[in-house]
Structure formats: structure tokens, C-alpha cells
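Participant: I'd like to ask you about the structure that follows.
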Amino acid sequence: MTLASTDRVVLGSIAFAVFWVMAVFPAVPFLPIGRTAGALLSAILMIIFRVITPAQAYAAIDLSVLGLLFGTMVVSIYLERANAFKYLGILFSWKSRGAKDLLYRICLFTAVSSALFTNDTSCVLLTEFILKIARQNNIPPHPLLLALASSANIGSSATPIGNPQNLIIAIQSGISFGDFLLGILPAMLVGIFVNALILLGMYWKILYIKKDEETAVNEVISEKDAASHQFSPIHLSHQPSFELSPNLDSIYDSKNNNKDHAGTSEDGSREIIRKLEEKKKVLEGDGLKEIEEGIPIEPAEEKETLIQKWRRKSWKVCLYLVIIGMVVALLLGLNMSWTVLTAALILVALDFKDAGPCLDKVSYSLLVFFSGMFITVDGFNRTGIPSTLWNLMEPHARINHPGGIAVLAIVILVLSNLASNVPTVLLLGGRVAASAAAISPKDQKKAWLILAWVSTVAGNFSLLGSAANLIVCEQARRVKPVGYNLSFWTHLKFGVPSTLIVTAIGLLLIRG
993 MTLASTDRVV LGSIAFAVFW VMAVFPAVPF LPIGRTAGAL LSAILMIIFR VITPAQAYAA
1053 IDLSVLGLLF GTMVVSIYLE RANAFKYLGI LFSWKSRGAK DLLYRICLFT AVSSALFTND
1113 TSCVLLTEFI LKIARQNNIP PHPLLLALAS SANIGSSATP IGNPQNLIIA IQSGISFGDF
1173 LLGILPAMLV GIFVNALILL GMYWKILYIK KDEETAVNEV ISEKDAASHQ FSPIHLSHQP
1233 SFELSPNLDS IYDSKNNNKD HAGTSEDGSR EIIRKLEEKK KVLEGDGLKE IEEGIPIEPA
1293 EEKETLIQKW RRKSWKVCLY LVIIGMVVAL LLGLNMSWTV LTAALILVAL DFKDAGPCLD
1353 KVSYSLLVFF SGMFITVDGF NRTGIPSTLW NLMEPHARIN HPGGIAVLAI VILVLSNLAS
1413 NVPTVLLLGG RVAASAAAIS PKDQKKAWLI LAWVSTVAGN FSLLGSAANL IVCEQARRVK
1473 PVGYNLSFWT HLKFGVPSTL IVTAIGLLLI RG
């Protein structure tokens, strides 16, 4: 494709530059409107500047990708309601043999969950568990948080539903779920192992903790503790568990101490009871209905009947059966978008309740962002700039020799960190596939898988490389009282060597 007219090239570049700035720096001082509004603005500018017509803009929106994203989010919401991730959090610390064992578990379990339920969802739901485990085991949090974020990105590369760029690649390439999984799974498994070794090598000293039989180093998070930390699997909002005020804690402590001393005066006991009654009145609106013997009691609820218990358990069983059926259908090669949407609809029907509250948790802003991005990237493609640049690079980036694979990987890695991985896939996908198709159909499939692998692992390069990194950073900072600030430089010091090494090893294992 040749370059368009000068005015279209200039105006199209301006519109795309607006999209890039808002995607990378969503809170710029001169226009702090966020990524979603920025994507819409860029799309509208493409139409206003007549780089693309309204009809072409509508045609650019890939409804298959949007449907798959929507279905994946709904399924994740119902999985969160069933506390599926609670059990994953418990596995992290069950019979743990120390900090190194814990790090390996985090890497493995996070990779598996990210491949099945997207990397962003796994990071939203597991960050606080990781911080609690770090606190219980007296481990500095940053190696475990780095393990969570990096493993989520690497693990999500294995399936088409692991992350948004893989959704786009799977739909545009026509590669089946099973072929996609088999093509990248060896690279993903080895990548997770190597990534864990790098973490272990960098943080060996601070992860060395002697087991103390007198302290519960391998303390398991209780079900009550886990259930008290509920997240929306899509939004970053955290619903904190109820925390007692320090004053009330001191009253409880004083009462318990008074019980241990026989000489406590009756007047003192009455004073304690009076204060407890006052606190009871204050806290009744916040969830405490009774205070007995200085112990806060949850709001009084009717005892669960046998029928209600049976319904709850049967609903969970049906949910897991639906998920298994969905994965089997995807492995059999059925249409991915409609398969996931069907699974989501079945879960809505099985819930037998108004689906409004659950559907409200869907990140519709993400769907709008993708729509704006599809229009913006299509308009930028029509300027002819990407094609011209690719024509210069293509002879050196053919995948029929190691040097070409290396050049292609570097291009994808750089663009993924400059323009984000999803726009990179939209810009390069068709061109990389067409170049490889001229060699052989097998190479075309391999080119798509290389694009999926490198664009995903590239997210580990820096803290800004992927949404999963930012989710872990933000969630960790907000958690109280064990919040932790994962700095940009702490991540970069690990991210650069990990990304380069894992990417290079994975390229050797990608199967076309």
C-alpha cells in the first residue's frame, strides 16, 4: 500500500498520536480524560479529518473480539462469585516449605489461572492474597509481587483467551484453540520455570528463611479470611473487609485481661460493659449487630436451611461443569466467541437471579476502548505509513532464518513497549502473516504464534508494559494495612533481563 495524500498522512498521524499519548499517559495534564475517552477522541478525529469514512469506521470494529471479551468477563465474574480464586490462594501457602517453594507455587498457579481466566483477572484477585502470605511468612513482598505479575503475563500467552492481543490473533489468524495451545505451551512452561529461576537468583538472600517450628511460617489463609476479600474481577476497586477501630480493640483487650484477673472490681466490669454498649450502637449500621464477650458478631442471618445449602453447592458444581464444557468446546475447535458467550449465558440462567448486579461489573469502558482503538488503527493503516515502514523492515524480518526471527522479535518488543501490545498486534499482524505466507502456510501459523508470544512477554519489560503490571502495583499499594509500593525501578531491574531471556528461549520452542 502506497502512502496516501499528504493531508491524510499528516492528519491521520495526528489522530494516532493522540491515541498513543492517551494510551500510554492517560492522565496527561493538558487532557486528563483517560484511555477510553482518548480512544474515542482519536476515532472521531479519524472521521472528522476524513482519513476514514463512517461506514469504514463501523466495519473496522471487530465484533468477534468484543463478544469474546464480554463473555470472558461475565464468566470471570461468576467464577469470582463462586470463590474459585479463594482456593487458589489457599494452595499458595498450603504446607509451604519456605519462601522459595512459595515463589514457585505463585509462578505456576498464576500462569495456569491466567491462561484460563485472563492475566488481568488473576492479578486483580490474587494480589492481596500474595501480600497476606508475605506478611504471614515475614517475606519482603516485591519478589512475590514480581512473580505474580510476570507469571500472569507469561502464562496468558498460552491460550487465545489469556489476554486481549491473543484474542485478536486467534480470530484474525483462524488458529484453533487447541493448535494455539499446543504451539505456545512448551514455550510458556519453560518460560515460567526460567522466570522463576531469575527471580530466585536475584532475590536468593531475602528469600532465605529458616523454618521455625514455633511460628506458623506455613500458615494457610482460612476460608473466612479469603472470603472477606472480594474483588470485581474486572474493576480495580477493592471492597475492604470490616476493620475494628483501635479504641474498640483496646476495650476488647482490657475486658479479656480483666477476665484473667480475679481481682477485677465490679465497677470496672460495669464500665467496660457500658463502653461496649456504646460501641454497639455506633457500629450497628456498619455491620455489627451484637457484641458478646467482647467478640464482634456478624450481622444476624437466618440459619442456612438444608435446601439452601444444597442449592448453593449444586450451583457451584454446575458452574464448574459449564467451565469444563467451555474449555472442551474450545479445544474441539468451536467458534471461540460464541462458545464463551454461550457459557456466560448458561451461567446467568443457572444463577436464576436478576443478572443486573453481575453485568454491572463488566468493564464496558474496556469494550468502548477497543472499539475506538479498532477505528483509530484502521485509519492509521489507511495512511500507508505502517505499510511503508514494514516494506523497509520486511526483507530483514523473515522467519525462515534465525536472524529474521530475531529482527522480528526486536521490532515487536520495541513497539509493544512504545505503543502497547494490542495496537502492535493490530498494526503488524496482517503484514507479518502475509510475509510468512509467502514462505509456507506452516510459517504463516508460526509467525502468528511468534507475534502472540513476543507481544505478551514484552509486557514484563517495564512496569508500564502491561495492564497486569499496573494492576498488581495499584492493588498492592491500596491494600491495608499491609500495602506495598512496587516501584518502577524495582520492576525494571528484574523485567529487562527476564523479558530478554524468556523471550529468546521461548522463540526456540514455538511450534508452527
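Mapped onto this note's numbering, the consecutive letters of the sequence shown carry residue numbers 993 to 1504.
Heads up, the beta-carbon is just placed ideally off N, CA and C, and yes, glycines get one too.
Where does residue 1003 sit, in a helix, a strand or coil, going by DSSP?
Facilitator: Here residue 1003 sits in helix by DSSP.
Participant: Using beta-carbon positions only, say whether residue 1146 and residue 1187 come within less than 7 Å of one another.
Facilitator: Yes, Cβ-Cβ distance for residue 1146 and residue 1187 is below 7 Å.
Participant: Examine the ligand FAD and report whether any of its heavy atoms sits within less than 6 Å of the Cβ of residue 1035.
Facilitator: Looking at this structure, you won't find the ligand FAD or any other ligand, since it has none at all.
Participant: Under a three-way DSSP split, which group does residue 1399 fall into?
Facilitator: It is helical.
Participant: Tell me the rounded alpha-carbon separation between residue 1013 and residue 1422.
Facilitator: The alpha-carbon atoms of residue 1013 and residue 1422 are separated by roughly 24 Å.
Participant: Quick check on the DSSP output: the alpha helix (DSSP H) that includes residue 1107 runs from which residue to which?
Facilitator: Element bounds for residue 1107: 1091 to 1109.
Participant: Which residue's Cα is closest to the Cα of residue 1357: 1176, 1316, 1157 and 1026?
Facilitator: Considering only alpha carbons, the answer is 1026.
Participant: Excluding five sequence neighbours on each side, which residues of the same chain lie with their C-beta closer than 8 Å to the C-beta of residue 1001?
Facilitator: Cβ neighbours of residue 1001 beyond the five flanking positions: 995, 1375, 1376 and 1377.
Participant: CB-CB under 7 Å to residue 1418, same chain, minus the five flanking residues each way: which ones, in chain order?
Facilitator: 1160 and 1369, listed in sequence order.
Participant: I need the DSSP call for residue 1346, collapsed to helix, strand or coil.
Facilitator: Residue 1346 falls in the coil class under three-state DSSP.
Participant: Please identify the residue among 1402, 1348 and 1427 whose C-alpha is closest to the C-alpha of residue 1445.
Facilitator: Comparing Cα-Cα distances from residue 1445 to each of 1402, 1348 and 1427, the minimum goes to 1402.
Participant: Measuring only the C-alpha atoms, how far is residue 1323 from residue 1193?
Facilitator: Using only the alpha carbons, I get a separation of about 37 Å.
Participant: Measuring alpha carbon to alpha carbon, tell me which residue in 1494, 1427 and 1437 is nearest residue 1172.
Facilitator: Of the candidates 1494, 1427 and 1437, the one whose C-alpha sits nearest the C-alpha of residue 1172 is 1437.
Participant: If you drop the 5 nearest sequence neighbours on each side, which residues of the same chain put their C-beta closer than 6 Å to that of residue 1452?
Facilitator: Closer than 6 Å at Cβ, skipping near neighbours: 1142, 1145, 1487, 1490 and 1491.
Participant: Span of the alpha helix (DSSP H) holding residue 1370?
Facilitator: Run containing residue 1370: 1356 to 1374, per the alpha helix (DSSP H) assignment.
Participant: From which residue to which residue does the alpha helix (DSSP H) around residue 1471 run?
Facilitator: Where residue 1471 is concerned, there is no enclosing alpha helix (DSSP H), given that its DSSP letter is neither H nor E.
Participant: CA-CA distance, residue 1100 and residue 1470?
Facilitator: So the alpha carbons of these two residues sit roughly 25 Å apart.
Participant: Can you grab the Cα-Cα spacing for the pair residue 1449 / residue 1158, in whole Å?
Facilitator: Going from the Cα of residue 1449 to the Cα of residue 1158 covers about 12 Å.
Participant: What does a CB cutoff of less than 6 Å around residue 1480 pick up in its chain, not counting 5 residues either side in sequence?
Facilitator: The answer, listed in chain order, is 1455.
Participant: Could you tell me the alpha carbon to alpha carbon distance between residue 936 and residue 1032, rounded to whole angstroms?
Facilitator: Because the chain in this structure spans residues 993 to 1504, residue 936 falls outside the shown range and cannot be described.
Participant: Between the Cα of residue 1103 and those of 1458, 1090, 1150 and 1120, spot the shortest distance and give me the residue it belongs to.
Facilitator: The shortest Cα separation from residue 1103 among 1458, 1090, 1150 and 1120 belongs to 1150.
Participant: Under three-state DSSP, which class holds residue 1195?
Facilitator: Coil.
Participant: Measure how close the beta-carbons of residue 987 and residue 1424 come, nearest whole angstrom, since I'm counting them as under 8 Å.
Facilitator: Since the first and last residues shown for the chain are 993 and 1504, residue 987 lies out of range.
Participant: Between the C-alpha atoms of residue 1216 and residue 1106, what's the straight-line distance to the nearest angstrom?
Facilitator: Note that residue 1216 scores 45 on pLDDT, short of 50, meaning its location in the model is unreliable; the coordinates nonetheless yield the value given after this. Going from the Cα of residue 1216 to the Cα of residue 1106 covers about 24 Å.
Participant: Say whether the stretch 1337 to 1350 touches the stretch 1310 to 1317, bearing in mind that this needs 3 or more beta-carbon pairs closer than 8 Å, one atom from each stretch.
Facilitator: Contact between the stretch 1337 to 1350 and the stretch 1310 to 1317 is present, because at least three Cβ pairs lie under 8 Å.
Participant: Looking at the C-beta of residue 1477, does it have a partner C-beta in chain C at a distance below 7 Å?
Facilitator: Of the chains in the structure shown, none is chain C; there is only one protein chain.
Participant: If we ignore side chains and look at the alpha-carbon of each, how far apart do residue 1128 and residue 1122 end up?
Facilitator: So the alpha carbons of these two residues sit roughly 10 Å apart.
Participant: In or out: residue 1406 buried (at least 16 other Cβ within 10 Å) or exposed?
Facilitator: With fewer than 16 other Cβ atoms within 10 Å, it is exposed.
Participant: Using a 10 Å radius around the Cβ and a threshold of 16 neighbouring Cβ atoms, would you call residue 1140 buried or exposed?
Facilitator: By the 10 Å Cβ count, residue 1140 comes out buried.
Participant: By the three-class DSSP mapping on this structure, what secondary structure does residue 1393 have?
Facilitator: Reduced to three states, the DSSP call for residue 1393 is coil.
Participant: Can you tell which of 1367, 1130, 1132 and 1416 has its C-alpha closest to the C-alpha of residue 1042?
Facilitator: Of the listed residues, the one whose Cα sits closest to residue 1042 is 1367.
Participant: For residue 1299, is the classification buried or exposed, using 16 other Cβ atoms within 10 angstroms of its Cβ as the cut-off for buried?
Facilitator: Under this definition residue 1299 is an exposed residue.
Participant: Using alpha carbons as the reference points, say which of 1152, 1179, 1385 and 1440 lies closest to residue 1064.
Facilitator: Out of 1152, 1179, 1385 and 1440, 1152 has the C-alpha closest to the C-alpha of residue 1064.
Participant: Give me the residue from 1485, 1412 and 1164 with the minimum Cα distance to residue 1052.
Facilitator: Cα-wise, what sits closest to residue 1052 is 1164.
Participant: To which residues of the same chain is residue 1389 closer than 6 Å at the C-beta, ignoring the five residues directly before and after it?
Facilitator: Here the set comprises 1396, 1399 and 1400.
Participant: Going by the beta-carbon positions, is the gap between residue 1392 and residue 1431 smaller than 7 Å?
Facilitator: Yes. Within cutoff.
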